[in-house]
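K.L.:
Take a look at the following structure, please.
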Amino acid sequence: MKGPLFYSKILLFGEYGIIKDSKGLSIPYNFFKGALKWDNDNSEMAQKSNKSLKAYAQYLKVLEMKEEGLVSFDIEALEKDVADGMYFDSSIPQGYGIGSSGALVAAIYDRYATDKITVLENLTREKLLQLKKIFGKMESFFHGKSSGLDPLNSYLSLPILINSKDNIESTSIPSQNMEGKGAVFLLDSGMTGETAPMVQLFMENMKQEGFRNMIKNQFIKHTDACVEDFLNGNVKSLFGNLKQLSHVVFDNFKPMIPAKFHQLWQKGIETNDYYLKLCGSGGGGYILGFTQDLERAKKALEGHNLEVVYNF
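Residue numbers (the working numbering): 7 to 318.
Right, here's the structure in full:
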């Protein structure tokens, strides 16, 4: 037996900013996916996942009591399936900023929530916010604190536009131009990143007035502009804002950028061959790249594997 597939996601714009009410844009990324499985797989991966699901079932039991009226699960069925060896079979790399725990949360909600909001309904803003809230509580088991956006994206399999914390909507993005030279790509840092310590560091930095001003006057300004440009297909303006955003991140988020990529990051800004930005909380995992000429970017980033996510 195998449950439905849930996909990874990419937060194109809005990492860290959405904590402070910037705009954000999150898109499903169907290259990686996961599903709940019930087969007699005795591999280390399946056993580890099963053990984690056992602890997760306990967490959801407590959550249901603590947050009365928010969400209820068929805990009995979940515990029985876990006892029968159920695990989450996933190709989504963990610690890579593309929503590995989000896909798992979506799969569990989809199968075990008793009064669930479904994708087939008219998804009003209230319903989306309610889902985001439920998913935030469910995903906190993995991250300490979660916005709920990753599971929401995975569950709906739709691009999501974040206007502010309390204003989100499903959206459509411009069709890809498969003949175009430009692209959004993923760059593998070759190491995993931990979300919680990175977010903690950001929150510490937010205590300084200078950092707060930079977030408000530069980081959020350029992030919002990038979201608008991307959705409206203004490629020229988008790359102008991307350059600024890449610069701001390089100057102010150094600890979130793996050290061996500092030089490549700067080189992109100087040559305009590509611009890099964080994918998720950083510290490892994937780095997002944007280029108007993919072949040129590939040459400039020789030795690195570029995975194309979107073509301009």
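The beta-carbon is built from N, C-alpha and C at its ideal position, and this holds for glycine as well.
(1) Inspect the beta-carbon positions of Ser97 and Lys39 and report whether they are closer than 8 Å.
(2) Just to confirm, are Lys67 and Ile226 a CB contact at a threshold of 8 Å?
(3) What are the uninterrupted segments assigned as alpha helix (DSSP H) that are 4 or more residues long and contained completely in the region 148 to 190, given in chain order?
(4) Is there at least one non-hydrogen atom of the ligand GDP closer than 7 Å to the beta-carbon of Lys266?
(5) Could you check the C-alpha separation between Arg3 and Lys260 for me, to the nearest Å?
(6) Which whole-angstrom value describes the C-beta separation of Gly199 and Gly108, a residue pair presumed to lie in contact below a C-beta threshold of 8 Å?
(7) What is the residue span of the alpha helix (DSSP H) that Ser41 lies within?
(8) Locate the beta strand (DSSP E) running through Ile293, then write down its first and last residues.
(9) Only counting the same chain, and skipping five residues up and downstream in sequence, which positions put a Cβ closer than 8 Å to that of Glu145?
(10) Any idea which residues DSSP pairs Phe79 with across the strands?
(11) Spell out a yes or no on whether the region 38 to 57 and the region 85 to 105 are touching, meaning 3 or more CB-CB pairs, one atom from each, closer than 8 Å.
(12) From the DSSP output, in three-state form, read off Ser14 for me.
(13) Taking all protein chains shown into account, do 16 or more other C-beta atoms lie within 10 angstroms of the C-beta of Gly309, making it buried, or fewer, making it exposed?
(14) Between the beta-carbon of Leu17 and the beta-carbon of Gly9, is there less than 8 Å?
(15) Provide the residue span of the alpha helix (DSSP H) that contains Lys242, from first to last.
(16) Could you pull out every residue in the same chain whose Cβ sits closer than 6 Å to the Cβ of Thr177, ignoring the five residues on either side in sequence?
(17) Quick check on this structure: which residue in Asn317, Phe148, Glu50 has the alpha carbon closest to the alpha carbon of Glu185?
(18) Which value, in whole angstroms, describes the spacing of the CA atoms of Asp279 and Ser160?
(19) Quick check: the Cα distance between Leu294 and Val315, rounded to an integer number of angstroms?
(20) Measure the beta-carbon distance from Leu193 to Lys143 and round it to whole angstroms, keeping in mind my assumption that it falls under 8 Å.
P.N.:
Answer, in terms of the structure:
(1) In this structure, Lys39 lies closer than 8 Å to Ser97 by Cβ.
(2) Contact: no.
(3) Taken in chain order, the unbroken stretches of alpha helix (DSSP H) that lie wholly in the region 148 to 190 and span 4 residues or more are 155 to 162.
(4) Of the ligands one can find in the structure shown there are none, so the ligand GDP has no counterpart to examine.
(5) Coverage of the chain is limited to positions 7 through 318, which leaves residue 3 absent and any answer about it impossible.
(6) No, Gly199 and Gly108 are not in contact; Cβ-Cβ is about 15 Å, not under 8 Å.
(7) Note on residue identity: the sequence assigns Ala, not Ser, to residue 41. For Ala41, there is no enclosing alpha helix (DSSP H); the enclosing beta strand (DSSP E) has its first and last residue at 30 to 43.
(8) First-last of the beta strand (DSSP E) with Ile293: 292 to 297.
(9) Around Glu145: Ser107, Gly108, Val111, Ser152, Gly154, Asp156, Pro157.
(10) DSSP, once it has assigned bridges, lists Ala119 as partnering Phe79.
(11) Counting Cβ pairs under 8 Å, three or more are found: they touch.
(12) Ser14 carries a strand assignment under DSSP once its states are collapsed to helix, strand and coil.
(13) By the Cβ-count criterion, Gly309 is exposed, with fewer than 16 other Cβ atoms from all chains shown falling within 10 Å of its own Cβ.
(14) Contact flag unset, no.
(15) DSSP places Lys242 inside the alpha helix (DSSP H), whose first and last residues are 241 to 258.
(16) If we look at Thr177 and ignore the five residues flanking it on each side, its Cβ neighbours are Pro165, Leu167.
(17) When Asn317, Phe148, Glu50 are compared, the shortest CA-CA separation from Glu185 is found for Asn317.
(18) Those two C-alpha atoms are separated by around 32 Å.
(19) Distance between the alpha carbons of Leu294 and Val315: 9 Å.
(20) Contact annotation, Leu193 with Lys143: C-beta distance approximately 33 Å; criterion of less than 8 Å not satisfied.
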